[in-house]
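Here the structure comes first, spelled out in C-alpha cells, and everything after it is commentary.
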Amino acid sequence: MMSAPPDSNDLFVGVDLGGTLVRAGLVNGQGHLLEWQSMPIEARQGPQAGLERIHGLIDCLVAKTDRGSLKAIGIGSTGPLDRERGTIQNPYTLPGWEDVPVANRLSQAFDVPVALENDADAAALGEFWLGAGRSVDRLYMVTIGTGVGTSFVERGAVYRGIQGAHPEGGHLVLQPGGPLCYCGARGCMESLVAGPSIMRRARELAAKLPHSQLYAMAGGDLEIVDAPLLMHAARAGDAGSLGLVDQIAAEIAQGLLNIAVLFLPNVIALGGGVFENLDLFQPAVRAAFQSAAAIGPVDKVKLVPAHLGKRAGVYGAAYAAIQLSANSS
Ligand SMILES: [Zn+2]
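Going by this note's numbering, the first residue of the sequence shown is number 597, and it counts up by one from there.
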C-alpha cells in the first residue's frame, strides 16, 4: 500500500526486461504515459552490455525532463531474481546474467531508488493499477502463453510467500499421472494447456485423424499444427478439433476454479496468446464457477481479459517504483 499519493510533477520509469526485448516507459503518478522506448536486449552480449542498453533507454526517456522530477525506477524482469538484493540471476533466458546487481547499478546512475519485481508480478500490478483490476480490491492474473504464469495482487500489494515467491497456480495438478512438466509434476495446468502443450496435443490429434479439416488446413504437415490452427479448425466446425478444444476448456475451467476457490479475487485477469480465443473457453469457466457457488461467492469472481497487453509490465514496474518512492520518502 502506498503511504501517500505521489505529487503530480513526480515522474517514474518502468522497465520491462524480457529475454529478447527491453521496454521502458516514463509515467507520472497518475499513470499517464509520457514517453515510451523499446529495443532488443541482445542478452547474449552479456550483462554489462545489457545494463548499458537499459541505462541508455532510461537516458532517452528522461532526456527532456528535469532530472529532479524522476523519483524512482521500477524493473519487471524475467526471473529468477532476488528482489531484496535487487539482482537478476537468470542464465536461462538471459545468458550470462548471474547475480547481476541491476537495481544498485541503476540506483547509482540515476540517484533514485530502484524496485525489482518478477515480470509476472509486474504485469499483475500494472493490470491492478490501470487495467483489468482497476477499481477492485483483489486481482489474480493468469497468463497462458509458452507457460502459465500467475500472480495475486490485493489492494496494490503483491501477495508474497516464502522468499517473496508468488502463487504458482499454473502448476496445480489437474490430471494426476498426466503429461510431465518441467516442474516435476504430471498433469499440472501448464503441462496441459500452455501453448506448447496445446500444440503437442493438436499434432497428436491431427496424426490420428488424417481426414480431418485440421489435417487439411495444415496441408498434411504436422509441423504446421499449433494452438492457433487448432482454434481455427474448431471454429470451422472440425469435430475432432472441437472435441479437443472442449477438453482444454474443461481443464482451463478446473484450473481457474481452483484459483477462484482459494483466493476469491474480485477479478481474474486473463492474458497471453491462448486467451486470444477466450470466447472458446469462457462458457466452461463460467459454468464451473456457477457450480461452485455453494462453497463461497465463487460465482461472483469476474473473468476479464487483460487490458494492457505488452505495456502491463512497464506500467506495473512504474507502480512498484511509485510504491517504493512513497515508502522511502
Ligand atoms: Zn508444472
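Positions of the beta carbon are idealized from the N, C-alpha and C atoms, including for glycine. Since the model is a prediction, treat every value here as computed from it, not as a measurement.
Please determine, among the options, the residue with the shortest C-alpha to C-alpha distance to residue i.
i	options	result
Val863	Phe885, Val897 and Gln886	Val897
Val900	Gln919, Glu872, Tyr911 and Ser921	Glu872
Gly745	Asp717, Ala639, Ile654 and Leu726	Asp717
Gly791	Ala705, Gly692 and Leu826	Leu826
Leu653	Thr683, Ala705 and Gly627	Ala705
Between which residues of its own chain and residue i is the CB-CB distance below 6 Å, once the five residues before and five after are set aside?
i	result
Asn808	Residue 808 is actually Ser in this sequence, not Asn. Closer than 6 Å at the Cβ level, and outside the excluded window around Ser808, lie Asp834 and Gly836.
Ala849	Ala880, Val881 and Ala884
Val710	Ile669, Ala699, Leu702 and Ser703
Gln685	Pro676, Glu694 and Asp695
Ile844	Val789
Asn854	Leu768
Ser921	Lys667 and Ala668
Gln886	Asp895
Thr689	Gly615 and Thr674
Val560	This structure leaves residue 560 out entirely; the chain is present only between 597 and 925.
Can you name, in chain order, every residue of its own chain whose Cβ lies under 7 Å from the Cβ of residue i, other than the five neighbours on each side?
i	result
Met597	At Met597 the pLDDT is 49, less than 50, meaning the model places this residue with poor confidence; the figure from the coordinates comes in the next sentence. If we look at Met597 and ignore the five residues flanking it on each side, its Cβ neighbours are Arg751, Gly752 and Ala753.
Arg701	Leu647
Phe724	Leu735, Val749 and Gly752
Leu852	Val738, Ile864 and Val881
Asn605	Ser665
Please say whether residue j and residue i have beta carbons closer to each other than 8 Å?
i	j	result
Pro643	Val696	yes
Ala669	Val618	Before going on, a small fix: residue 669 reads as Ile here, not Ala. Against a cut-off of 8 Å, the Cβ pair of Val618 and Ile669 comes out as no contact.
Ala916	Glu713	yes
Val658	Ala913	no
Ala829	Leu810	yes
Ala832	Val870	no
Ala865	Val894	no
Val738	Gly765	yes
Gln633	Cys656	yes
Gly672	Ala719	yes
Pro772	Ser793	no
Gly722	Gly868	no
Leu860	Gly892	yes
Glu786	Gly839	no
Going by beta carbon distance, what residues of the same chain come within less than 8 Å of residue i, once the five residues before and after it are set aside?
i	result
Ala803	Leu818
With residue i and residue j assumed to form a contact (beta carbons below 8 Å), what rounded beta-carbon distance in angstroms separates them?
i	j	result
His762	Cys777	His762 to Cys777, Cβ: 17 Å. No contact.
Leu904	Glu847	Incorrect: roughly 26 Å between the Cβ atoms, too far for contact.
Gly621	Leu613	Contact flag wrong, Cβ pair sits at about 13 Å.
Can you check DSSP and say which residues form a bridge with residue i?
i	result
Trp632	Gly621
Asp612	Arg619 and Gly672
Tyr736	Phe748 and Ile864
Cys779	Answer by DSSP bridge pairing: none, since Cys779 is not bridged.
Thr683	Asp678
Glu713	Gly672
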